[in-house]
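Right, one structure below, let's go through it.
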Amino acid sequence: MGDRSRWLQRIGGSLFWRVCLVNAAVFAAGVAVLAVSPATVSSPVALGEFLVLLVGLAVILVANAVLLRAVLGPLDRLRSLMEDVDLLQPGQRLPEQGNGAVADVIRTFNAMLARLEAERALSTGRALAAQEGERRRVARELHDEVGQSLTAVLLGLRGVADRAPPALAEEVVMVQEAARSSLDEVRQVVRRLRPGVLDDLGLCSALTSLVNEHAWLTGADVQRRFSTSLPPLDPQTELVVYRVAQEALTNAARHASARRVLVELTETSSGDAVVLRVLDDGRGVDGSEEGAGVRGMRERALLVGATLTVGPHESGGTDVRLRIPLHPREDGS
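Quick note, this note's numbering runs 93 ahead of the 1-based positions in the sequence shown.
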């Protein structure tokens, strides 16, 4: 009895046997209909009899196609999802309906996607954490070693300029200005590598400094609009928001040639999320494949469970939006 049950289960679950059973059922039904019908076939076949046979064959083929589509249709949807799936856009799943081999394949594929998304998020988090650590180390070395060395050079040149004869004083001043310019560039690189103002004064102050620096470097008209009642965010989320804004501003200047940029950081009307928005008036999205910068922003967004959308704006340019969901408070307020 147990062997018979396992045999029936294997036949019911095997895709090969399911297709065979569907075809057998269709052809058996066709034979039964012909057997009980008054239709006859003479030799040679008359025109009316030939038309009846054609109609019967068409009905059998249509019924077979409909049933096979019901059995194999999920495989087509699975193939389509496998071609389009992107681990940087999680949540893509097929509905798990029915039973048998096809349903098992879909359930296995959905489980594999969930596992790959979790592993991708974990490995991305480790890589970005290592990257931020390296940024912090390089910034510290630039500040402590290169910055202090250039400061010492500036102080020495100032003493030389005071004692130099008039014929050399002008050249010493030029070298002094070059050293001061190099020191400013080093400080700018340090700020981009690790924004100290983010740790010291918070996210809004860091974004304000970023916006002002971008306007000064590019000459673009950069406006900012930050909500005054933003909820507190954890340090990792603040760093993600800052890096996404930084990359969006870089893309607006480097790829879109934008002359006007708007940076917004607001809370949704329902209070369930914080939204960062960077809107520019540049060339906009041309439909080409996303570059490394956008994919890097998506990877950072996944770390904090945020959603990133990059698309054209109705008035032209590019609209970058980062939506960070907020966890409900423990007191329910």
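All C-beta atoms, glycine included, are put in the ideal place defined by N, C-alpha and C.
All of these numbers come straight from a predicted model, not from anything done at the bench.
Query: DSSP state of residue 304 mapped onto helix, strand, coil; Result: helix
Query: Limits of the alpha helix (DSSP H) - the one that residue 330 falls within; Result: 328–347
Query: Extent of the continuous alpha helix (DSSP H) run through residue 252; Result: 241–256
Query: Every unbroken beta strand (DSSP E) within the stretch 368–414, with a cutoff of 3 residues, ordered by chain; Result: 400–405
Query: Proximity to residue 367 [Cα-Cα], best of 168, 207, 324 and 335; Result: 324
Query: Where the alpha helix (DSSP H) through residue 358 begins and ends; Result: First-last for residue 358: 353–360, but that is the beta strand (DSSP E), not the alpha helix (DSSP H).
Query: Length of the line joining the Cα atoms of residue 157 and residue 384; Result: 46 Å
Query: Residue 370 versus 242, 410 and 278, residue with shortest Cα-Cα distance; Result: 410
Query: Bridge partner(s) assigned by DSSP for residue 265; Result: The partner list for residue 265 (beta bridge, DSSP) is empty, contrary to what the question assumes.
Query: Residues that residue 316 bridges to, as DSSP identifies them; Result: 355
Query: Touching by the beta-carbon criterion (3+ pairs, under 8 Å), the stretch 388–408 and the stretch 348–355; Result: no
Query: Helix, strand or coil at residue 170 according to DSSP, with G and I counted as helix; Result: helix
Query: Coil, strand or helix - residue 270 by DSSP; Result: helix
Query: Beta-carbon proximity check, residue 300 vs residue 338, cutoff 8 Å; Result: yes
Query: Check whether residue 304 and residue 393 have beta carbons under 8 Å apart; Result: no
Query: Residue span of the alpha helix (DSSP H) that contains residue 365, given as start and end; Result: Neither: residue 365 is in no alpha helix (DSSP H) and is coded neither H nor E.
Query: Proximity to residue 243 [Cα-Cα], best of 279, 148 and 231; Result: 279
Query: N- and C-terminal bounds of the alpha helix (DSSP H) containing residue 289; Result: 289–294
Query: Own chain, CB closer than 6 Å to residue 373, minus 5 neighbours either side, in chain order; Result: 345, 349, 351, 354, 410 and 411
Query: Contact check, residue 322 vs residue 360, beta carbons under 8 Å; Result: yes
Query: Distance between residue 312 and residue 276 (C-alpha atoms, nearest Å); Result: 22 Å
Query: Euclidean distance between Cα positions of residue 284 and residue 251; Result: 26 Å
Query: Spatial distance of residue 97 from residue 117 (CA atoms); Result: Low confidence applies here, because residue 97 scores a pLDDT of 44, under 50, leaving its location unreliable and the question unanswered by this model.
Query: Assigned secondary structure, residue 418 (DSSP; H/G/I helix, E/B strand, else coil); Result: strand
Query: Residue 336, buried or exposed, once every other Cβ within 10 Å from all chains shown has been counted against 16; Result: buried
Query: Reference residue 207; option with closest CA among 187, 224 and 331; Result: 187
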